[in-house]
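See structure below.
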Amino acid sequence: MVMSTEVEPVEHEDRWILNLRGLSVVRISIDFRLTLVLDAGWEVVLEAPARLSTGPLHTSPGLPLTPESQDVAAALPLFGAKVLSAVVFKSGVLRMVFDSGMHLTCSADASFEAWQVTEPRGWRFISLPGGDLAVWSRSGTSENPQGQAAKR
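The sequence shown begins at -14 in this note's numbering and counts up by one.
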C-alpha cells in the first residue's frame, strides 16, 4: 500500500520534514551514485560517502557507503524497505529511517553536492558544497542560502 505524498514538505527552523512515510524502496541503482527510487516517484540520490546503521547512532557507527567507488553493497537490503521518516537538515545532512531498523545518514561535502532528494511534481532538496541546503518547491522557485530568489 502506497501512502499519500500529497502533504507538502514541512519547513522548520533547522530542517525540512519530508512526507515519505510508508513509501517503499522499489529500485536501487548504482553508477558513480547510489540512487534509491521510492514508489510515488521520489528519488534519493547519494553522491558522497554515507553511513547505514541500525539502532542508536551513538552505539554503532554503521557501515560506510561510498557511491563514487560503487562500495554500496550494504545498502542492498534497503530494497523493499518502507520509509519511517525522512529529514533534510539546513546544514546539508540527510537522515532517513526505514521499517527494517536501518538508518541512512549522508553529511554535506566541502567540495560538491553530496545528495539530492527529488519528487516528480517539482520538489527538490540538494545538499550544497560546504553545508547549505537548496530547496525548490513545486512552483520552481527557491530561496538560496544567501536569500536571493533562484529559478529552476
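Glycine included, each C-beta is placed from N, C-alpha and C at the ideal position.
What residues are listed by DSSP as bridge partners for residue i?
i	result
Glu28	Val22, Thr103
Arg80	Val72, Thr90
Return the CA-CA distance between residue i and residue j, expressed in angstroms with no decimal places.
i	j	result
Ala35	Glu98	13 Å
Leu87	Val22	Here the sequence assigns Met to residue 87, which means Leu is not the residue at that position. Taking the straight line joining both Cα atoms gives about 17 Å.
Leu31	Leu63	14 Å
Gly40	Arg109	29 Å
Ile13	Ser122	25 Å
Trp100	Ala93	8 Å
Asp24	Leu61	17 Å
Glu104	Gly26	6 Å
Leu89	Pro49	10 Å
Ser85	Glu28	19 Å
Gly107	Glu(-4)	16 Å
Thr20	Val102	10 Å
Short of 6 Å in beta carbon distance, which residues of its chain neighbour residue i, apart from the five on each side in sequence? Order them along the chain.
i	result
Ser45	Ser38
Glu70	The amino acid at residue 70 is misidentified as Glu; the sequence shows Ser. Excluding residues within five positions, the ones whose Cβ falls inside 6 Å are Val82.
Pro114	Ser96, Phe97
Gly47	Arg36, Leu37, Ser38
Report back the beta-carbon spacing between residue i and residue j to the nearest angstrom; my notes put them in contact at under 8 Å.
i	j	result
Val72	Ile2	6 Å
Might you give, ordered along the chain, the residues of its own chain that have their beta carbon closer than 7 Å to the beta carbon of residue i, omitting 5 neighbours on each side?
i	result
Arg18	Val30, Leu31, Glu32, Pro52
Asp(-1)	Phe74, Lys75
Gly65	Ser9, Val10
For residue i, which residues in the same chain have their Cβ closer than 8 Å to its Cβ, ignoring the five residues on either side in sequence?
i	result
Ala58	none
May I ask you to verify whether the stretch 47 to 55 touches the stretch 70 to 85, counting CB pairs closer than 8 Å and requiring at least 3?
As far as the Cβ criterion goes, the stretch 47 to 55 does not touch the stretch 70 to 85, which means the pair count is below three.
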